[in-house]
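Per our numbering, the very first residue in the sequence shown carries number 11; after that it's consecutive. Below you'll find the structure, written out as structure tokens, and then a few comments.
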Amino acid sequence: MSKFVYRMQSILNIKEKLEEQARMNFGLAMVRLREEEEKLEHLKARKHGYEDAARAGLKASLRIRTMRENKEAILRMDEYIEVQHREIEKAEKKVEQERQKLQEAIQERKIQEKLRENAFDLFMQEEKARESREIDELTSYTYGQKKAEEALAEG
């Protein structure tokens, strides 16, 4: 039996590498999204801390300067939180883009694998047909030899 050689194996290899790279990019985008979400949670916690400090300041004593600083800090945290929401949206869009690229890479690899399977099936059919022809030729030759031997034996 001869060896199966897929003509487009190099293309399949490239598709597999592209898929692997797309998986890595998707993973990195997910990590970045998680980092941005953690930053948001940290900012929210800081804001809550300032709010708690403001409430405690109201109960304890009325220092106007401290109250203004605290109010400014809370407003600044609101701005930071808004900016962080935008960063999260960007990271989510990037994750979606990378997910789509990964899906395309997987689909292209599967197409190449299917083409390889079809080529292998065709190869196996051709190989079976070749073997069948060889068996037929061998059988014909053997039959012909027997007939020739019988003709010699009779004659």
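In this text, a Cβ means the ideal position worked out from N, Cα and C, and glycines have one as well. All values reported here derive from a predicted model rather than from experimental measurement.
Same chain, Cβ closer than 7 Å to Glu97, five either side skipped, listed in chain order:
Glu46
Met18 beta carbon less than 8 Å from that of Arg56:
no
Considering only C-alpha positions, which residue in the set Ser150, Tyr60, Val105 and Leu50 is nearest to Met34?
Val105
Closest to Gly37 by C-alpha separation, out of Lys124, Lys69, Ala101 and Gly59, would be which residue?
Ala101
Given that a residue counts as buried once 16 or more other Cβ atoms are within 10 Å of its Cβ, and exposed if not, what is Gln122?
buried
Please name the residue in Ser150, Tyr151 and Asp131 whose C-alpha comes closest to that of Val15.
Asp131
Rounded distance between the beta-carbons of Ile84 and Ala66, thought under 8 Å
With a Cβ gap of about 14 Å, Ala66 and Ile84 do not count as contacting.
Rounded straight-line distance, which links the Cα of Asp62 to that of Ile178:
Because the chain spans 11 through 165 in this model, residue 178 falls outside it and cannot be assessed.
Can you name the start and end residues of the alpha helix (DSSP H) that Glu87 belongs to?
Residue 87 is actually Met in this sequence, not Glu. Its alpha helix (DSSP H) spans residues Ile74 to Glu164.
Helix, strand or coil at Val15 [DSSP, three-state]:
Note: Val15 maps to coil in three-state DSSP.
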